[in-house]
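Same order as they appear, the protein sequences are chains A, B and C. Under my numbering, residues 1 to 383 are what the first sequence spells out, in order. Under my numbering, residues 384 to 482 are what the second sequence spells out, in order. Under my numbering, residues 483 to 956 are what the third sequence spells out, in order. Worksheet for the structure shown next.
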Amino acid sequence: MNHTQSTNEYDVAVIGGGLLGSSIAWGLGRLGQRTCVLDEGDVTKRASRANFALVWVQSKGLGLPEYTGWTVRASETWSKLSDEIKAQTGIDVCHQRPGGFHLALSEKELEDRRLSLRRLHNQPGATDYKIEILDHDEVKKQLPHIGPDVVGGTYCPLDGHVNSLRYLRAIHSALKTSGVDYRPEHRVSTIEHRNGEFKISTEQGEIRAGKVVLAAGNANMTLAHMVGLKAPMSPTRGQILVTERTVPFLGFPLTTIRQTDEGTVMIGDSREEFIDDTVQNLPINAVMADRARRMFPLLNQLNIVRTWSGIRVMPKDGFPIYDQSETCPGAFVTCCHSGVTLAPNHAFDIAPMIAKGNLDLERVGAFSARRFDQIQVQSSGYY
Amino acid sequence: MFKRATNHQEPAVQITVDGLPVTARRGDTVSAAILTAGCVEPYRYTAVNGTPRAPYCMMGVCFDCLVTIDGIGNRQGCLIPVSDGMVITRQNGKREIES
Amino acid sequence: MSFPESLHAAYDVIVIGAGPAGLAAAATTAEAGLRTLLVDENSAPGGQIYRAITTSPLKNSSILGKDYEAGNDLVHTFEKSGADRLAGCTVWSLDRERVVGLSCGGEARLIKAERVIIATGAMERPFPIPGWTLPGVMTIGAGQTLLKSSGLIPSGRLALAGQGPLLWLYAAQILRAGGHIAAIFDTTPLANYISAAPHLPGFVFSPYWIKGLGLIREVKRVVKIVTGVTRLEAQGKNKLQTLVWEAGSRTGSIDLDVLMLHQGVVPHVNLAMAAGIKHEWDDIQLCFRPVLDESGNSSIKGIMIAGDGAGIGGAESAAERGRLAAIDTVANLRPDALAQIPSRDNVRNRLAQTMRGRAFLDHLYRPSKVFRIPQDASTIVCRCEEITAGEIRASIAIGATGPNQLKAYRRTGMGPCQGRLCGLTVTELMADERGKSPEEIGYYRLRSPVKPISLAELASIPQDETAIKAVVRG
Ligand SMILES: Cc1cc2nc3c(=O)[nH]c(=O)nc-3n(C[C@H](O)[C@H](O)[C@H](O)COP(=O)(O)OP(=O)(O)OC[C@H]3O[C@@H](n4cnc5c(N)ncnc54)[C@H](O)[C@@H]3O)c2cc1C
Ligand code: FES
Chain A
1 MNHTQSTNEY
11 DVAVIGGGLL
21 GSSIAWGLGR
31 LGQRTCVLDE
41 GDVTKRASRA
51 NFALVWVQSK
61 GLGLPEYTGW
71 TVRASETWSK
81 LSDEIKAQTG
91 IDVCHQRPGG
101 FHLALSEKEL
111 EDRRLSLRRL
121 HNQPGATDYK
131 IEILDHDEVK
141 KQLPHIGPDV
151 VGGTYCPLDG
161 HVNSLRYLRA
171 IHSALKTSGV
181 DYRPEHRVST
191 IEHRNGEFKI
201 STEQGEIRAG
211 KVVLAAGNAN
221 MTLAHMVGLK
231 APMSPTRGQI
241 LVTERTVPFL
251 GFPLTTIRQT
261 DEGTVMIGDS
271 REEFIDDTVQ
281 NLPINAVMAD
291 RARRMFPLLN
301 QLNIVRTWSG
311 IRVMPKDGFP
321 IYDQSETCPG
331 AFVTCCHSGV
341 TLAPNHAFDI
351 APMIAKGNLD
361 LERVGAFSAR
371 RFDQIQVQSS
381 GYY
Chain B
384 MFKRATNHQE
394 PAVQITVDGL
404 PVTARRGDTV
414 SAAILTAGCV
424 EPYRYTAVNG
434 TPRAPYCMMG
444 VCFDCLVTID
454 GIGNRQGCLI
464 PVSDGMVITR
474 QNGKREIES
Chain C
483 MSFPESLHAA
493 YDVIVIGAGP
503 AGLAAAATTA
513 EAGLRTLLVD
523 ENSAPGGQIY
533 RAITTSPLKN
543 SSILGKDYEA
553 GNDLVHTFEK
563 SGADRLAGCT
573 VWSLDRERVV
583 GLSCGGEARL
593 IKAERVIIAT
603 GAMERPFPIP
613 GWTLPGVMTI
623 GAGQTLLKSS
633 GLIPSGRLAL
643 AGQGPLLWLY
653 AAQILRAGGH
663 IAAIFDTTPL
673 ANYISAAPHL
683 PGFVFSPYWI
693 KGLGLIREVK
703 RVVKIVTGVT
713 RLEAQGKNKL
723 QTLVWEAGSR
733 TGSIDLDVLM
743 LHQGVVPHVN
753 LAMAAGIKHE
763 WDDIQLCFRP
773 VLDESGNSSI
783 KGIMIAGDGA
793 GIGGAESAAE
803 RGRLAAIDTV
813 ANLRPDALAQ
823 IPSRDNVRNR
833 LAQTMRGRAF
843 LDHLYRPSKV
853 FRIPQDASTI
863 VCRCEEITAG
873 EIRASIAIGA
883 TGPNQLKAYR
893 RTGMGPCQGR
903 LCGLTVTELM
913 ADERGKSPEE
923 IGYYRLRSPV
933 KPISLAELAS
943 IPQDETAIKA
953 VVRG
């Protein structure tokens, strides 16, 4: 491709075109910022293509109470995001918030769940939201197809899900209509801060921008230090199974099973240290399948049509990182595990802060990477 | 859509398709039996947009031959030989599961 | 069908696919004393070409021809060899450690082999014309399968469209079986006659020359042929009613009950790609094929590919390539038994003979771009998810650079056929639209299960402590 000098100059360059970078870029476009998104090509690690698509609140924030509030806010603004995207692109991303379940297959699992929820709620400063602990019969009222192995579960009315692949298409379509340049095959190798602007080298030449937002997932780890930031990450692998389409039978998403609006049933999702996303692990798939059928015996008959593994974007302690550079003003780093859940916050909260040139520390100061300078707290950014 | 070319010597196999009795021949696949029976058209409707379809490849690659066989949905009719008493139902959209 | 008691927990060699390549390979390794298992999802051996060779109701060769009979020898030799055979059994996974995932009668198993020979053959190239999803439109291969295994011929008005040796062979078989063909629409681009001409001498000395010309003459005597066809559109409401065609400036339409399409075959790459085997684009045959050494060793140690899955060569060469793979296997696992099986040089020579004339056919029957890359926006490319060429082009416009981002945007390749019927079209369409080569665009990243298996089957695979730890959380 041949770009003229002028089209290579932007107010903001966002590095990474997954859910995080795209949502922020869309938010910036709405505010009239001349924005580009620099992304890799077709074959790459892209969590935004591999996720389970929950918009999830329950059990998030143990170790960092601010994360609970941040997540609750996202759950509450998701419908605004999906409405705006639909109005702009005509694409319905099927956001639904019927509440969500987590099921336990033994008394011990239920007890562990109960304990971690109690610890979560006892944290000072945690946003309080409703979460119910249910026994088998109570669960069965809402989920009539559960099997006898389900001893109980938890239910949170704030939980929901979305068609995250369709959201990826919708947000990329929206970028186009908003005049934001989405540039795939522009892998970034170096970023320099010179004379108050950023010179970004890509596989297709140099891009210049007044501000730069790192949203390259786990690759932020290597990019951050180029602009005086840091992003300590510890990626994990997750595998997902998906069935053929079937008539709707499951009205609620679960932490590890959900039926999509298309009718397929997704079964998730392992957490593994092994991070090669080109291979499967059949024993792990077997455990996932086995637990799923114990939860819903009717799943036994369904065919698995695909499986995949994805690498989670995972900051070291599991919580989001939003930070700005002191040595290179105008440089920001953003990364988080739950990029589906937090998409509205990225579009409606983080983007305006970046447009202004400063993160609002009162609201997101807790997510600064400076927390890694302190002693590690025991934490779980995951559900 | 199809008829037998020769004076068929293979023994008959009795099956039902959507409740209708159909006489197939040993060696027929489920799809071959349905395409010859002629009484049931279209072969199926898709799970995505509900459009009519029929077997396209007859060699297991296209999945346009999906039918319910003896209660189990989404089976590739072109790969499965008929057997006496087989109960075949056509699929109208997404497959159903029972508890 | 279910797993027999006699099945071993591990094998020296597992051969996947019981066509000519697989039958020959398995027979050869078993003759050398290697514990061999041959697996095929069909109930009868023979593969596509010798489909139903042992069970076909068409008992004499007058309809299907003498070449079909050659399958009998292969099956016979295989049966004497002592190899185990699993029929009606689907391979749904294969990994780098050569663990093969099998599914049979609703039960799944994992069996390990020292060597795996993939002989899953070819499938017909997608033929994405407007209306190709209508009932009544099917492939010529499908028609031939129905003929071989059940002795069936189309009732009502039939036309064939496309190009390649199979078209003429099937046309002749239908006529011999008492069928009728309303017309044949030949899509061979006229320019191909020129590009194929330099390869003619090789072809003239091949066995195809006489046989091929004979068949074409036999058909042309009784069937109306339209040559130089440049556009086809199948129309109909709930099933095929009319075929509208263009051949340069000539146009026409014809009412039909059955339309059969064919424009050659391509390697069936799903299992090999899901195993992680390296593939490359073949610009003459216009398909991806695995990168192999002369014996058929792939980029993964211990996994070999033989037959049309290794690159299209036809039935006779498939059997020889199966033997070559087997000889290499014996040389590695049991060299002292080499004396009991044919020598590598002999097989190599025979292979060279069978490949004579191939270049001519490859050039003559190289399908035209208009039938590989749909021009009409409304033509369906992904049959499973019902995604059109126009929707794919729109996805390119918002940033899809290759099949995998497209898949995320539009679910192409995510249905039950797992990209088999859209993969090549998607690659070529994207390459064309973006001005890149198909090699640069690449293919879907494939994973097991390469064929759907039930959740119950997957759940029955042995679990271990680490696996449980990776899933259960509080
Ligand atoms: C198995 C699994 C299940 C999940 N389930 C959920 C869930 O249920 N709910 C939820 O909210 N979240 C879930 N997630 C997390 C969610 O998918 C991610 O948080 C989100 O997609 C992260 O988006 P991202 O944009 O940060 O990262 P990515 O999608 O990985 O995007 C990063 C982008 O940066 C590009 N890039 C990298 N390096 C460079 C470079 N040098 N130059 C230019 N571009 C570069 C990459 O190509 C990529 O496009 C799950 C994740 C996984 C793996
Ligand atoms: S007809 Fe194509 S898979 Fe059965």
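No residue lacks a Cβ here, since even glycine has one placed at the ideal position from N, Cα and C.
**Asked** Does the segment 428–444 of chain B come close enough to the segment 875–885 of chain C to have 3 or more Cβ pairs within less than 8 Å?
**Response** no
**Message:** Give me the subset of the segment 302–327 of chain A whose CB atoms are less than 9 Å from a CB atom of chain C, sorted by chain position.
**Reply:** 302, 303, 304, 305, 306, 307, 308 and 309
**Rounded C-alpha distance that separates residue 788 of chain C from residue 903 of chain C** = Translated into the one-based positions of the third sequence, residue 788 of chain C becomes position 306. Translated into the one-based positions of the third sequence, residue 903 of chain C becomes position 421. For residue 788 of chain C and residue 903 of chain C, the distance between alpha carbons rounds to 22 Å.
**Request:** Could you list the residues in the segment 563–590 of chain C with a C-beta less than 7 Å from some C-beta on chain B, going in chain order?
**Result:** none
**Prompt:** Any residues in the segment 226–249 of chain A with a beta carbon nearer than 7 Å to a beta carbon of chain B? Which ones, in chain order?
**Reply:** 244, 245, 246, 247 and 249
**Asked** Is the beta carbon of residue 460 of chain B sitting closer than 8 Å to the one on residue 445 of chain B?
**Response** Locating residue 460 of chain B in the second sequence gives position 77, counting from the first residue. Locating residue 445 of chain B in the second sequence gives position 62, counting from the first residue. No.
**Prompt:** In terms of DSSP beta bridges, what is residue 385 of chain A paired with?
**Reply:** The displayed coordinates of chain A run from 1 to 383. Any statement about residue 385 of chain A would go beyond what the structure contains.
**Prompt:** Would you say the segment 908–927 of chain C touches the segment 238–258 of chain A, given that touching needs at least three Cβ pairs under 8 Å?
**Reply:** no
**Message:** Any heavy atom of ligand 2 inside 7 Å of the beta-carbon of residue 444 of chain B?
**Reply:** Counting from 1 along the second sequence, the entry for residue 444 of chain B is found at position 61. Because some heavy atom of ligand 2 lies under 7 Å away, the Cβ of residue 444 of chain B counts as near it: yes.
**Message:** Short of 9 Å Cβ to Cβ, which residues in the segment 384–412 of chain B face chain C?
**Reply:** 384, 385, 386, 387, 388, 389, 391, 392, 393, 407, 408, 409, 410, 411 and 412
**Request:** Check whether the Cβ of residue 575 of chain C lies closer than 7 Å to any heavy atom of ligand 2, and answer yes or no.
**Result:** By one-based count along the third sequence, residue 575 of chain C stands at place 93. No; taking the cut-off as 7 Å, the Cβ of residue 575 of chain C has no heavy atom of ligand 2 nearer than that.
**Message:** I want to see whether chain A comes within less than 8 Å of residue 946 of chain C, judged by CB atoms only; does it?
**Reply:** Position 464 of the third sequence, counted from the first residue, corresponds to residue 946 of chain C. Yes, residue 946 of chain C counts as interfacial toward chain A.
**Heavy atom of ligand 2 within 7 Å of residue 925 of chain C beta-carbon** = Along the third sequence, read from residue 1 onward, the residue named residue 925 of chain C stands at position 443. Incorrect: residue 925 of chain C has no Cβ contact closer than 7 Å to ligand 2.
**Helix, strand or coil at residue 694 of chain C [DSSP, three-state]** = For the purposes of this step, residue 694 of chain C is taken as residue 212 along the third sequence, with counting starting at 1. Three-state DSSP puts residue 694 of chain C in a helix.
**residue 403 of chain B in three-state terms, based on DSSP** = Mapped onto the second sequence, residue 403 of chain B falls at position 20. The answer is strand: DSSP assigns residue 403 of chain B an E or B state.
**Prompt:** What separation, rounded to the nearest whole angstrom, lies between the Cα atoms of residue 840 of chain C and residue 795 of chain C?
**Reply:** As a first step, residue 840 of chain C must be located in the third sequence, where it is residue number 358. As a first step, residue 795 of chain C must be located in the third sequence, where it is residue number 313. Taking the straight line joining both Cα atoms gives about 7 Å.
**Request:** Count the C-beta pairs between the segment 80–98 of chain A and the segment 288–299 of chain A that are closer than 8 Å, then say yes if the count reaches three, no if not.
**Result:** no
**Request:** Taking the CB atoms as reference points, tell me whether residue 618 of chain C and residue 748 of chain C lie closer together than 8 Å.
**Result:** For the purposes of this step, residue 618 of chain C is identified with residue 136 of the third sequence, where counting begins at 1. For the purposes of this step, residue 748 of chain C is identified with residue 266 of the third sequence, where counting begins at 1. Cβ atoms of residue 618 of chain C and residue 748 of chain C: not closer than 8 Å.
**Item:** Bounding residues of the alpha helix (DSSP H) (the contiguous stretch that carries residue 25 of chain A)
**Value:** What you label residue 25 of chain A is simply residue 25 of the first sequence in a count that begins at 1. From DSSP, the alpha helix (DSSP H) with residue 25 of chain A extends over 19–30.
**Asked** Taking 8 Å as the CB-CB cut-off, is residue 898 of chain C touching chain B?
**Response** Here the question's residue 898 of chain C lines up with position 416 in the third sequence. Answer yes: the Cβ-Cβ gap between residue 898 of chain C and chain B drops below 8 Å somewhere.
**Member of B:431, B:405 and B:476 whose CA lies at the smallest distance from the CA of residue 420 of chain B** = Sequence index remark: in the second sequence, residue 420 of chain B carries index 37 (1-based). Minimum Cα distance to residue 420 of chain B is reached at B:405.
**Asked** Looking at residue 428 of chain B and ligand 2, is the gap between the Cβ and the nearest heavy atom below 7 Å?
**Response** Numbered from its first residue, the second sequence carries residue 428 of chain B at position 45. Not under cutoff, so the answer is no.
**Asked** For residue 543 of chain C and chain B, any beta-carbon pair shorter than 8 Å?
**Response** Position 61 of the third sequence, counted from the start, is the residue given in the question as residue 543 of chain C. Output row for residue 543 of chain C: interface = no.
**Top-ranked residue by Cα proximity to residue 764 of chain C, from C:777, C:844, C:783 and C:823** = Here residue 764 of chain C is taken as the residue at index 282 of the third sequence, counted from 1. The candidate whose alpha carbon is nearest that of residue 764 of chain C is C:844.
**Message:** For a test of your reading of the model: does the CB of residue 503 of chain B fall under 7 Å from any non-hydrogen atom of ligand 2? Yes or no.
**Reply:** Any answer about residue 503 of chain B is impossible in this case: the structure gives chain B only from 384 up to 482.
**Request:** Mind checking who residue 199 of chain A pairs with in its DSSP beta bridge?
**Result:** In the first sequence, counting from the first residue as 1, residue 199 of chain A sits at position 199. Residue 199 of chain A pairs with A:192 and A:208.
**Request:** Tell me, please, whether the segment 772–781 of chain C touches the segment 804–812 of chain C by the rule of three or more beta-carbon pairs shorter than 8 Å.
**Result:** yes
**Item:** Contact check, residue 756 of chain C vs residue 929 of chain C, beta carbons under 8 Å
**Value:** Mapped onto the third sequence, residue 756 of chain C falls at position 274. Mapped onto the third sequence, residue 929 of chain C falls at position 447. Yes; because the gap between Cβ atoms is below 8 Å, this pair is in contact.
**Item:** Check whether residue 268 of chain A and residue 238 of chain A have beta carbons under 8 Å apart
**Value:** Counting from one through the first sequence, the residue named residue 268 of chain A turns up at place 268. Counting from one through the first sequence, the residue named residue 238 of chain A turns up at place 238. Yes; because the gap between Cβ atoms is below 8 Å, this pair is in contact.
**Message:** Considering only the alpha carbon of each residue, which of A:76, A:276, A:334 and A:317 lies closest to residue 309 of chain A?
**Reply:** Position 309 of the first sequence, counted from the start, is the residue given in the question as residue 309 of chain A. Minimum Cα distance to residue 309 of chain A is reached at A:276.
**Message:** Output needed in chain order: residues of the segment 35–50 of chain A with a Cβ under 7 Å from some Cβ in chain C.
**Reply:** 41, 42, 43 and 49
**Message:** Rounded to the nearest angstrom, what separates residue 668 of chain C and residue 945 of chain C at their Cα positions?
**Reply:** Within the third sequence, residue 668 of chain C is the residue found at index 186, counting from 1. Within the third sequence, residue 945 of chain C is the residue found at index 463, counting from 1. Residue 668 of chain C and residue 945 of chain C: Cα-Cα distance of roughly 55 Å.
**Residue burial classification, residue 686 of chain C (beta-carbon count within 10 angstroms, cutoff 16)** = By 1-based counting over the third sequence, the position of residue 686 of chain C is 204. Its Cβ having fewer than 16 others within 10 Å, residue 686 of chain C is exposed.
**Through-space distance from residue 285 of chain A to residue 196 of chain A, alpha-carbon basis** = Within the first sequence, the letter at position 196 stands for residue 196 of chain A. Within the first sequence, the letter at position 285 stands for residue 285 of chain A. Cα to Cα, residue 196 of chain A sits roughly 51 Å from residue 285 of chain A.
**Prompt:** What's the gap between the Cα of residue 176 of chain A and the Cα of residue 496 of chain C?
**Reply:** Your numbering for residue 176 of chain A matches position 176 in the first sequence. Your numbering for residue 496 of chain C matches position 14 in the third sequence. Those two C-alpha atoms are separated by around 51 Å.
**Item:** Residue from C:871, C:892, C:894 and C:493 whose Cα sits closest to the Cα of residue 612 of chain C
**Value:** Numbered from its first residue, the third sequence carries residue 612 of chain C at position 130. Taking only the C-alpha atoms, the option nearest residue 612 of chain C is C:871.
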